[in-house]
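>
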Amino acid sequence: MNLMTPLLLAQLKQWIAEDTVWKFYKTKEWRIIRGKARKRDNNECQKHKRRGGQAAMDMVHHKQHVKDHPELALLLSNTESLCNACHNEEHPEKLAGYKKPKFTNEERW
């Protein structure tokens, strides 16, 4: 199932250029595909399932990233349900710049 129209594809490419891809995730078309993926995957993390475990899904992940392949963004077969931990494994670049703040105490005894 692919709900991508030429007009939406052009809009998505513009959002990618402007670095506002989050707008895509607010569209009606994405919400439809996301719902179908959740139902198909029984609201379970597919990466945990492949490993023999079980975890509830938190988000729907694009196997081929939207920024690299916008034409596949609304293709149901390009999605899988993942938990937050597994999704972070798939996108280490999003966590690369994040450092947990160290505890600092101005008072010294």
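When we follow my numbering, the leftmost residue of the sequence shown carries the number 371, and every step to the right adds one.
Virtual Cβ for every residue (Gly too), placed ideally from N, Cα, C.
Fair warning: this is a prediction, and the values are worked out from it, not measured in the lab.
1) Applying the 10 Å Cβ sphere with the 16-neighbour rule, what's the burial state of GLN424?
2) So what does DSSP say about VAL391, is it helix, strand or coil?
3) Of the choices LEU377, MET427, ALA380, ALA387, whose alpha-carbon is the least far from that of CYS456?
4) Using DSSP bridges, identify the partner residues of THR449.
5) DSSP puts ASN372 in a beta bridge; with which residues?
6) Just checking, does the segment 413-422 make contact with the segment 376-393 on the three C-beta pairs under 8 angstroms criterion?
7) Hey, LEU379 and PRO440 are a contact pair by Cβ (cut 8 angstroms); roughly how many whole angstroms apart?
Considering the structure as presented:
1) Counting from one through the sequence shown, the residue named residue 424 turns up at place 54. GLN424 comes out exposed.
2) Translated into the one-based positions of the sequence shown, residue 391 becomes position 21. DSSP places VAL391 in helix when its eight states are reduced to three.
3) Taking the first residue of the sequence shown as 1, we reach residue 456 at position 86. Answer by Cα proximity: MET427.
4) Along the sequence shown, read from residue 1 onward, the residue named residue 449 stands at position 79. For THR449, which the question treats as bridged, DSSP gives the partners HIS432.
5) The residue given as residue 372 occupies position 2 in the sequence shown. DSSP lists LEU445 as partners of ASN372.
6) no
7) As a working note, residue 379 is residue 9 in the sequence shown. As a working note, residue 440 is residue 70 in the sequence shown. Going by Cβ atoms, the distance from LEU379 to PRO440 rounds to 6 angstroms, so yes, they are a contact pair.
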